[in-house]
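For the protein sequence lines, the chains are A and B, in the order given.
Per the working numbering, residue 1 is the first one in the first sequence, and the count goes up by one each step.
Per the working numbering, residue 1001 is the first one in the second sequence, and the count goes up by one each step.
For each residue, glycine too, the CB sits at the ideal point set by N, CA and C.
Only one structure is covered here, and it is reproduced in the block below.
Number of protein chains: 2
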Amino acid sequence: MHALLTDRYELAMLGAYLREGIAERRGVFELSLRRLPPNRRFLLVAGVDRVVRYLRDLRFTDAEVDYLRAQPDLRDVMTDAMEGYLRAFRFRGDLDAIPEGALAFEAEPILRVTASLAEAQLLETFLLGVINTETRVASKAARLVLAAEGRPVFEFGARRVDPLTAPYAGRAAYIAGCAASSCEQAGLTFGVPVSGTIAHSYVLAHVDDGEEAAFLRFAESFPEGTTLLIDTYDARRGALRAARAGSAVRAVRIDSGDLLALGRDVRRILDAAGRPDIQIIASDDLDEQRIRSLLADGAPYDAFGVGTAITLTPDAPTLGAIYKLVEIEDRRDVAVPVGKRSPGKPSTAGAKQVYRRLDERGGFVEDTVRLADEAADPHPDPEALALLVPVMRSGKLVRDLPTPAEVTREARERAARSLRSLPEALRDLGEGPSLPSPVLISPALSAMVPRGD
Amino acid sequence: MHALLTDRYELAMLGAYLREGIAERRGVFELSLRRLPPNRRFLLVAGVDRVVRYLRDLRFTDAEVDYLRAQPDLRDVMTDAMEGYLRAFRFRGDLDAIPEGALAFEAEPILRVTASLAEAQLLETFLLGVINTETRVASKAARLVLAAEGRPVFEFGARRVDPLTAPYAGRAAYIAGCAASSCEQAGLTFGVPVSGTIAHSYVLAHVDDGEEAAFLRFAESFPEGTTLLIDTYDARRGALRAARAGSAVRAVRIDSGDLLALGRDVRRILDAAGRPDIQIIASDDLDEQRIRSLLADGAPYDAFGVGTAITLTPDAPTLGAIYKLVEIEDRRDVAVPVGKRSPGKPSTAGAKQVYRRLDERGGFVEDTVRLADEAADPHPDPEALALLVPVMRSGKLVRDLPTPAEVTREARERAARSLRSLPEALRDLGEGPSLPSPVLISPALSAMVPRGD
């Protein structure tokens, strides 16, 4: 399943490793960020569950192997041995990960894969794609949730991204604290609450009778409660019509115009019409800055709908995670630290662990990245929490996997605790002063000298 | 298949349309852009083939219908009638589209769906997601291809996006003129040429013998020709080692540092080592501006590898296409134009066609958007090309679908012609003066007064 959602070079290297007889050397790869993207003071981890299920299920189908065999550029490595290797492929390595919903920062391995060189190499593209996408979305959605200060944020950015990724984006947004996603498949696959109301087309389709009739009809179809979009023609007139459409109307949504002025007017109109109970939802290309400024100005919004900002994160479209070999067995089966030295893009050698220090009330204080080998780099604080936890050992899950919906719920609960644990400075959404990094590097790790060259 | 890759509100509206008895009214929806994204002077259409196959295959599975039936918020519309409607669902409408690989601009319908209101509404989210993604990627990749001035551009941005979208991104980039994609699945599904060489990890894995031995071994595995990544430790030393690794080495890649200075030095080193035949490929977060500036400075690169810039298009992360109802039957079965009037976000009423004028050498001159009803808005120039072509009629394909690989090849050929047809001003990659729009609106279309409200 999906074995070819990978880059050609992973397969080219795998073929070379097999030919050279080094495919089974044990290696450690870590997935991390060199630095946080602009406008981010923390990451909220998401995507690990998908990685785990991928590793559990990864196989090459006959069609996939046949395709590879037919590739001229792979001719010299696609031997019978490699074909046999691919047909028998199972992930048999170890996975350690920072759990979904936990905070992470630059320089911290989010995933650590310890496996044969060939296996660990092959995974690179898929693991990066998943974490780069889901952690990016969750980290951004968390900012929206913080900006909304307790008001619900509805994610409805499916239409801005490839439809196949929309359920995962909806899940990541829900983990981060969004109240719901618009994407039905996020509901079916992950148990994410799904919500949505009407589009302008619904109002336009009632060309015979106009907006007021459209509102009445829609409210009749949803007598248990619904939200009406009121700006197809004129939001103020729409508000009055919504107020008259009966008690099923629980909220109105405004999707254009001067959201501050309109929000105030619509609130007045609804109140004057005897409907102070109707809530107002704002949308229209909102991001955390705009939500914060609306709330700071006292705009009377009860909830926010956010699309593009969550699923495409235009202020930081790429997370930029990397997946690097940090340790490899040499020919005497001794694990040695390795790292590249490319200018501006060095990698830090050695398998790592991250220790988190919290204050007495559970507030985040700081992280220290250390060598994973505790004998070589013991942590002085026995209370510090080791963030990377064992997920798979020798290809087997350390715990039975709960359902996707259960895993998602757990991650959401962890994320809520994570956001509560953030100190004021790290919650800052962008205009605050730049901060020293909350990540320390242990002296032993700093002193690592990679072998090689 | 994938019927729930849609937003909740599409299903809520569908349910309401059915209850109200207006689901079968014929409507026309158009997918277009209000304006081009920043830094774009044209779009290159991609994604239509996927839309077509989706419309051909769209069905609701039992699990999907059961899930919808269990949703509390849909309780009052998920009647037996709606359940029956979903179980029997087939797309039976018409699709007109600008073909993949053709140029498009703002205000032009890329897709036009003419179908029952219920059907056409349901499609909104998926169609937007696909075109917003694939046309965004193809339009950006075309800029990279133009910047490279005939040198190959290799797309390798799979790791930056959700793995499930990577094959589609690889396809869109290939349509736009990229030489190959790194994504294996793009090869298997769409016949896109796939390429790739080694990562830094390959060199690091040869910790016993170092980079030179790694290069020799890799060249032995790929005697027909390969590319070596030379900046793991030091690109200049790497170049010399690559030059010594035998005739299988056809190219080297530099992925970090001062690409101008390094490129020149590496060229000199290779030439001095008697290997003027070895080509040099640049990568490292390249975009069209950086490629153009490298080439303007005479950097001796023969090809470029581009990841993030193509798949995530950070300079314009969202295409912002919209899908709007422009015409609907009223209760007397008369089709009437409709459009919303939301401030700053109005939609243009009336079903449309786009006519393209070319000069005698096939160069693009201008487009005119007119009413699709030729009797109401005849085009004065019989030579002008109608861009939207019939793809489906009453749910049936107008022509048998070639294989995905054949469709992709056709689109790539059309894209090459499209890019050749661009006048100098539209090829400009960003620093030129702002231009008048190449899109005219016919007087009859401008004069349309939408009904409603």
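Residues of chain B with CB closer than 7 Å to the CB of Thr-192/A, please, in chain order.
Going by the sequence as given, residue 192/A is Val instead of Thr. The contacting residues do not exist; Val-192/A stays about 11 Å from chain B at best.
What residue does the beta strand (DSSP E) around Tyr-168/A start on, and which one ends it?
No beta strand (DSSP E) contains Tyr-168/A, which is instead part of the alpha helix (DSSP H) from 166-175.
Count the other CB atoms, across all protein chains shown, that sit within 10 Å of the CB of Ala-49/A; report buried if there are 16 or more and exposed otherwise.
Here the sequence assigns Asp to residue 49/A, which means Ala is not the residue at that position. Asp-49/A comes out buried.
Hey, how far is the Cα of Arg-1019/B from the Cα of Val-1077/B?
Roughly 7 Å separates the two Cα atoms.
State the start and end residues of the unbroken beta strand (DSSP E) segment that holds Asp-1096/B.
It spans 1094-1097 - the beta strand (DSSP E) in which Asp-1096/B sits, taken as one unbroken run.
Leaving aside the five residues before and after Ala-1316/B along the sequence, list all residues of the same chain whose C-beta is less than 7 Å from its C-beta, in chain order.
Pro-1037, Pro-1038, Asn-1039, Arg-1040
Can you say whether Asp-381/A is buried or exposed, counting buried as having 16 or more other CB atoms within 10 angstroms of its CB?
exposed
Using a cut-off of 7 Å between C-beta atoms, extract the partners of Met-1448/B located in chain A.
Simply none; closest approach about 14 Å.
What does DSSP give as the partner residues of Lys-1396/B in its beta bridges?
Arg-1393/B
Would the stretch 1264-1278 of chain B count as touching the stretch 381-400 of chain A if we require 3 or more Cβ pairs under 8 Å?
no
Which first and last residues belong to the alpha helix (DSSP H) in which Phe-1126/B is found?
1124-1147
Grab me the residues of Thr-1227/B's own chain with a C-beta within less than 7 Å of its C-beta, minus the 5 sequence neighbours each way, in chain order.
Thr-1197, Arg-1250, Ala-1251, Val-1252, Arg-1253, Ile-1281
Would you tell me roughly how many angstroms separate the C-alpha atoms of Arg-1451/B and Gly-363/A, rounded to the nearest one?
58 Å
Evaluate the contact criterion for the stretch 1158-1167 of chain B versus the stretch 2-12 of chain A: three or more CB pairs, one atom per stretch, below 8 Å.
yes
Does DSSP classify Gln-1071/B as helix, strand or coil?
coil
Would you say Phe-218/A lies against chain B (beta-carbon separation less than 9 Å)?
yes
With 7 Å as the limit, tell me which residues of the stretch 126-138 of chain A have their beta carbon closer than that to any beta carbon of chain C; keep them in chain order.
Annotation note: the requested chain C is absent from the structure, which comprises protein chains A and B.
Beta-bridge partners of Pro-346/A, as assigned by DSSP:
DSSP, once it has assigned bridges, lists no residue as partnering Pro-346/A.
Can you check whether the C-beta of Glu-184/A is within less than 9 Å of a C-beta belonging to chain B?
yes
Arg-1151/B: first and last residue of the uninterrupted beta strand (DSSP E) it sits in
No residue range can be given for Arg-1151/B, since it is assigned to no beta strand (DSSP E) and is classified by DSSP as neither H nor E.
Neighbour flag for Gly-1000/B against chain A, beta carbons, 9 Å
There is simply no residue 1000/B to check, as chain B begins at 1001 and stops at 1453 in what is shown.
In chain order, what are the residue ranges of uninterrupted beta strand (DSSP E) at least 3 long that sit wholly in the stretch 227-308 of chain A?
As far as the stretch 227-308 of chain A is concerned, its whole beta strand (DSSP E) runs of at least 3 residues are 249-254, 279-282, 303-306.
Apart from the five residues just before and just after His-206/A, which ones in its own chain have a Cβ nearer than 8 Å to its Cβ?
The residues Ala-213, Ala-214, Arg-217, in chain order, have a CB closer than 8 Å to that of His-206/A in the same chain once the five nearest residues on each side in sequence are set aside.
Should Gly-1187/B be flagged as near chain A, meaning a C-beta pair shorter than 9 Å?
At least one beta carbon of chain A lies nearer than 9 Å to the beta carbon of Gly-1187/B.
Could you give the C-beta distance for Ala-1118/B and Tyr-1017/B, rounded to a whole number, given that I count them as a contact under 8 Å?
5 Å
Using a Cβ distance threshold of 8 Å, determine whether the stretch 385-398 of chain A contacts the stretch 411-423 of chain A, with at least three qualifying pairs required.
no
So with Cβ pairs under 9 Å, would you call Glu-24/A a contact of chain B?
no
Pop quiz: Glu-211/A and Thr-232/A are said to be a contact at Cβ under 8 Å. What is the actual Cβ separation, rounded to whole angstroms?
6 Å between Cβ atoms; contact.
Beta-carbon proximity list for Arg-1331/B, same chain, < 7 Å, skipping 5 on both sides
Sequence-distant partners of Arg-1331/B (beyond 5 residues in either direction) whose C-beta falls short of 7 Å from its own C-beta are missing from its chain.
Burial state of Ser-1247/B, where buried means 16 or more other Cβ atoms lie within 10 Å:
exposed
Can you list, in chain order, the residues of its chain whose CB lies under 7 Å from that of Ser-418/A, leaving out five sequence neighbours each side?
Leu-44, Gly-101, Ala-102, Leu-103
In the DSSP assignment, what residue or residues form a beta bridge with Val-27/A?
The amino acid occupying residue 27/A in the given sequence is Gly; Val does not appear at that position. Bridge partners of Gly-27/A: Ala-115/A, Ile-328/A.
Here's the rule I'm using: 16 or more other beta-carbon atoms within 10 Å means buried, otherwise exposed. How should Ala-12/A be labelled?
The Cβ neighbour count for Ala-12/A, taken over all protein chains shown within 10 Å, is at least 16; the residue is labelled buried.
Cβ neighbours of Gly-27/A in the same chain (closer than 6 Å, five flanking residues each side left out)
Contacts found: Leu-117, Ala-120, Leu-325, Ile-328.
Starting from the C-beta of Asp-287/A, find all residues in its chain whose C-beta is less than 6 Å away, skip the five residues before and the five after it, and write them out in chain order.
Ala-309
Note down, in chain order, all residues in the stretch 3-14 of chain A with a beta-carbon under 8 Å from any beta-carbon belonging to chain B.
Leu-4, Leu-5, Thr-6, Asp-7, Arg-8, Tyr-9, Glu-10, Leu-11, Ala-12, Met-13
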